[in-house]
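>
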Amino acid sequence: MTDQTPKPVAVVTGAAGDIGMAIAAQLLATHIIAAVDIDMIALEGAVESLENHGADIAAIQCDLTKADDLARLAKEAARLGQVNTIINNAGAAAALTLHQMTAETLSRDLALNLEAALNCFKAFEQALISSGAGNVVNIASVNGLSVFGHPAYSAAKAGLIHATRSIAVEYGKYGIRSNAIAPGTVKTQAWKIRQAANPDVFDEALSWYPFKSLPEPNDIASAVSFLISPAARCITGVCLPVDSGLTAGSPALARTFTQSPDFDGF
60 MTDQTPKPVA
70 VVTGAAGDIG
80 MAIAAQLLAT
90 HIIAAVDIDM
100 IALEGAVESL
110 ENHGADIAAI
120 QCDLTKADDL
130 ARLAKEAARL
140 GQVNTIINNA
150 GAAAALTLHQ
160 MTAETLSRDL
170 ALNLEAALNC
180 FKAFEQALIS
190 SGAGNVVNIA
200 SVNGLSVFGH
210 PAYSAAKAGL
220 IHATRSIAVE
230 YGKYGIRSNA
240 IAPGTVKTQA
250 WKIRQAANPD
260 VFDEALSWYP
270 FKSLPEPNDI
280 ASAVSFLISP
290 AARCITGVCL
300 PVDSGLTAGS
310 PALARTFTQS
320 PDFDGF
């Protein structure tokens, strides 16, 4: 990309959070960023925290579960330039168990973690096609690959992984690549707040991870940067776990078996 070539626009949802802002910060090297979040105060603070961002990042308030907001988002992002990248990062979990789940929490989990991402893609569908080399990266979760609690959230993330493949298959002919990332436990501010209440929370979590280091937000951002880069030009329709080996197998579970007096091999 030369100095004379305008940067394309990347839309990053959930940008006020640690992972979203890490993604935005890394993509600034190659893109103008439409940083999107429902919480405008938090979003503006996050954007201001980036040094030397100049005019290459814009904060846009949007409730991704509302059609009118998505239509407005598409128009505002288009004013920044040619949109060629969508990072569907926004998400949150409601009920921890099926017993706690209600019709309301189920609707919330599906609306934010699945429907919003698909509707966001549709809002930018023509822009991605016209770019000739569009990218969609959906931030899913290891919860969409196995059972780790939050069943409605997990079902939504599993649906998002399938939707990622559907976009890859149907829109590849337009030069659009679609991939997902499945983070495990990431050292975000939310987890650090839990650590304040329970100093052992990370050590307890690490007992389930083969690689004894948890991802930081920048690790997720680096995976996004790779997937939208020319280095990944023939990678589409995949879900990349960034989970320190969690979905490969659990050493804690292995110890449960091997330390049993009845264990005689698998």
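Okay, so the sequence shown: first residue is 60 according to this note's numbering, each after it adds one. In this text, a Cβ means the ideal position worked out from N, Cα and C, and glycines have one as well. Here the structure is a predicted model, which means the values were calculated and not measured.
Comparing C-alpha positions only, which one of Y233, I78, T124, K66 sits nearest to W250?
If we check each option's Cα against that of W250, I78 comes out closest.
> Starting from S292, trace the alpha helix (DSSP H) in both directions and tell me its first and last residue.
Per the sequence shown, residue 292 should be read as Arg rather than Ser. First-last for R292: undefined, no H or E at that position.
> Apart from the five residues just before and just after G73, which ones in its own chain have a Cβ nearer than 7 Å to its Cβ?
These residues qualify, in order along the chain: G79, D96, N148, A149, G150.
> Which residue from A280, L299, P300 puts its Cα closest to that of A81?
Of A280, L299, P300, the residue nearest in Cα terms is A280.
> Just verifying my parser: in three-state terms, what is the DSSP assignment at S225?
Looking at S225 - three-state DSSP - the assignment turns out to be helix.
> State buried or exposed for G76, treating a residue as buried only when at least 16 other CB atoms are found within 10 Å of its CB.
Burial call: buried.
> In chain order, what residues of the same chain have a beta carbon less than 7 Å from the beta carbon of H90, not counting five sequence neighbours either side?
K66, P67, V68, A69, T144.
> Assuming the contact rule is C-beta atoms closer than 8 Å, G208 and L155 should be a hit. Round their C-beta distance to whole Å, please.
Indeed they touch by this definition, with Cβ atoms about 6 Å apart.
> Have a look at L219, A264, I116, A130 and flag the residue whose alpha-carbon is nearest the alpha-carbon of A84.
The shortest C-alpha separation from A84 is found at I116.
> Have a look at T124 and A256 and give me their C-alpha separation to the nearest angstrom.
Whole-angstrom Cα-Cα distance: 32 Å.
> For V260 and A153, what's the separation of their Cα atoms in angstroms?
Rounded to whole angstroms, V260 to A153 spans 20 Å at the Cα level.
> Under the assumption that I287 contacts N202 (Cβ atoms under 8 Å), give the Cβ distance between them as a whole number of angstroms.
About 23 Å; that fails the 8 Å criterion.
> Would you identify the three-state DSSP class for L165, choosing helix, strand or coil?
Helix.
> How many Å lie between A241 and Q63 at the Cα?
Their backbone Cα atoms lie some 36 Å apart in a straight line.
> Answer yes or no: does any C-beta atom of chain B fall closer than 7 Å to that of A133?
Protein chains in the displayed structure number just one, and chain B is not present.
> Are the segment 99-108 and the segment 166-181 touching, with three or more C-beta to C-beta distances below 8 Å?
With the cut-off at 8 Å, the segment 99-108 and the segment 166-181 do not touch.
> So, is L204 buried or exposed, given that buried needs 16 or more other C-beta atoms within 10 angstroms?
With 16 or more Cβ atoms within 10 Å of its Cβ, L204 is classed as buried.
> With 16 as the cutoff for other CB atoms within 10 Å, does L219 come out buried or exposed?
Its Cβ being crowded by 16 or more others within 10 Å, L219 is buried.
> Report, in whole angstroms, the separation of the C-beta atoms of V297 and D278, which I expect to be a contact under 8 Å.
Contact doesn't hold; Cβ gap of about 17 Å is too wide.
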